[in-house]
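Scroll down for the structure; my scribbles are underneath it.
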Amino acid sequence: MKLFSPLYRRAMVWARHRHAPWYLGGMSFVESSFFPIPPDVMLAPMCLANPRHAWRLALLTTLTSVAGGLFGYAIGFFAIDAVLPWLQGSRYWPAYQTAVDWFGRWGFWAVFIAGFSPIPYKVFTIAAGALSMALLPFTLASLIGRGARFFLVAGLMAWGGERMEAALHRYVDRLGWATVVLMALGLLAYR
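Numbering (my numbering), first residue to last: 4 to 194.
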């Protein structure tokens, strides 16, 4: 069943849209403080669609993500009491508790790891503000962690270029269904 290939084709069309960089910047900003979808899902196809612009797109994603991280920091610093009830009732509460624990142990490195990995970065930005982490180390860790992640994604997509785009188009349905199966198995194993 070809469910994923039409979505892939549409994503590639959107990636070539003249306003796509604005959407990418906006998505990167809000993902760092409250939005659940990572900007990689826009960055990767945009770099595939325009390999010559990959480094510029990675820089845009990094800077807007760090700006969003500073907004998340401000939420934690100024409004943690208002956000805490929502956070406790959300699926992010265990991640928030982990973030608080990691800050106690590793500080700068906790932000760096959260910025680079698929761990919810937004939780760490809010926790950093709530715990009054020094702003300069927070910003540096965010720049390095987020930058490393987004430049890696952009570099891999630009390196693959048209060959990778064609290969993804050919195998996207198989990859999509394999991902669904792996997620289902992961959920079953988790329960």
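Yeah, the Cβ is synthetic: ideal placement off N, Cα and C, and Gly gets one too.
query = At which residue ranges does the region 49-137 contain complete alpha helix (DSSP H) runs of 4 or more residues, listed in the order of the chain?
reply = 57-92, 96-109, 111-119, 124-133
request  = Kindly indicate which residue of L27, P39, L155, V114 has the alpha-carbon position closest to the one of L139.
outcome  = V114
query = For R21, which of helix, strand or coil comes out of DSSP?
reply = coil
inquiry  = Please report the distance separating the alpha-carbon of E34 from that of S68.
reply    = 7 Å
query = How long is the line joining the alpha carbons of L191 and V184, rounded to whole angstroms?
reply = 11 Å
ask   = Between the C-alpha atoms of A98 and P123, what's the straight-line distance to the nearest angstrom?
value = 7 Å
inquiry  = With the cut-off set at 7 Å, would you say M167 and C50 are in Cβ contact?
reply    = no
key: Close Cβ partners of F119 (< 6 Å) along its chain, the five nearest in sequence each way excluded   = G148, A151, R152
request  = Assign I78 to one of two classes, buried (16 or more other C-beta atoms within 10 Å of its C-beta) or exposed (fewer than that).
outcome  = buried
message = Helix, strand or coil, according to DSSP, for I147 in the structure here?
response = helix
request  = Would you tell me roughly how many angstroms separate the C-alpha atoms of N53 and P88, rounded to the nearest one?
outcome  = 43 Å
query = Straight-line CA distance for G164 to K125?
reply = 30 Å
ask   = In or out: I40 buried (at least 16 other Cβ within 10 Å) or exposed?
value = exposed
ask   = When the Cα atoms are used, what is the spatial distance from V2 to A187?
value = Residue 2 lies beyond the range of the chain shown here (4 to 194); nothing can be said about it.
query = How big is the Cα-Cα spacing for A195 and Y76?
reply = Since the first and last residues shown for the chain are 4 and 194, residue 195 lies out of range.
request  = Measure the C-alpha to C-alpha separation of S145 and W180 and round it to an integer number of angstroms.
outcome  = 33 Å
Nonlocal neighbours in the same chain, by C-beta distance under 7 Å from W105, ignoring five residues either side = A113
key: Distance CB(M30)-CB(P48) smaller than 7 Å   = no
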